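Heads up: the structure comes next, in structure tokens.
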Amino acid sequence: RVERERREADAREAAAVAATLEDRPDWFTSRVAAAQAAAVAKYARNFLPILFNLFVAAPPERRGELSATVGCFARVTEATALGGFFRTVLRKLVKVTSDAEDAADALVEGGADRSARRCTFMDLALA
Numbered sequence: 001r002v003e004r005e006r007r008e009a010d011a012r013e014a015a016a017v018a019a020t021l022e023d024r025p026d027w028f029t030s031r032v033a034a035a036q037a038a039a040v041a042k043y044a045r046n047f048l049p050i051l052f053n054l055f056v057a058a059p060p061e062r063r064g065e066l067s068a069t070v071g072c073f074a075r076v077t078e079a080t081a082l083g084g085f086f087r088t089v090l091r092k093l094v095k096v097t098s099d100a101e102d103a104a105d106a107l108v109e110g111g112a113d114r115s116a117r118r119c120t121f122m123d124l125a126l127a
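As numbered in this note's numbering, the sequence shown has no gaps in its residue numbers, which increase by one up to the final residue, 127.
Encoded structure:
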């Protein structure tokens, strides 16, 4: 069963890639794509904190597209920078989880209550 589900997921992904390639302009080669990815990677370290703040401030129904964007930037970000970003998110997740709701220094960003804030930082860590 698990194997069948994995094959079906792979087939769906392959179909999505094929559809994307059909819409690709002729001038967009793998060389152009690599150059564009390198340009994005060069500045990804600057954009990740901005995306992080946007994600945390966004209402839950808007976080899906931001999560996808964070994931794309994460794929091209240097590993050390990405590791620092991930550790920051995990620190905030641990703080939200361990703080009492009425603690003076409780983290309040990311949701109206502790559960919402935990979900926010977990979603961001998974992005």
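Cβ coordinates follow ideal geometry from the N, Cα and C atoms, glycine included. Computed from a prediction, not measured in an experiment: that's the story for all the values here.
Backbone CA spacing between residue i and residue j [nearest angstrom]
i, j, result
"R114", "L126", "18 Å"
"D123", "R45", "20 Å"
"K42", "V32", "15 Å"
"A34", "L66", "23 Å"
"R6", "P25", "31 Å"
"E8", "A16", "12 Å"
"T88", "V2", "34 Å"
CB of residue i within 8 Å of CB of residue j, strictly
i, j, result
"L93", "F47", "no"
"T69", "L90", "no"
"A112", "A106", "no"
Three-state class that DSSP yields for residue i in the structure shown
i, result
"E8", "helix"
"F55", "helix"
"V40", "helix"
Residue burial classification, residue i (beta-carbon count within 10 angstroms, cutoff 16)
i, result
"V96", "buried"
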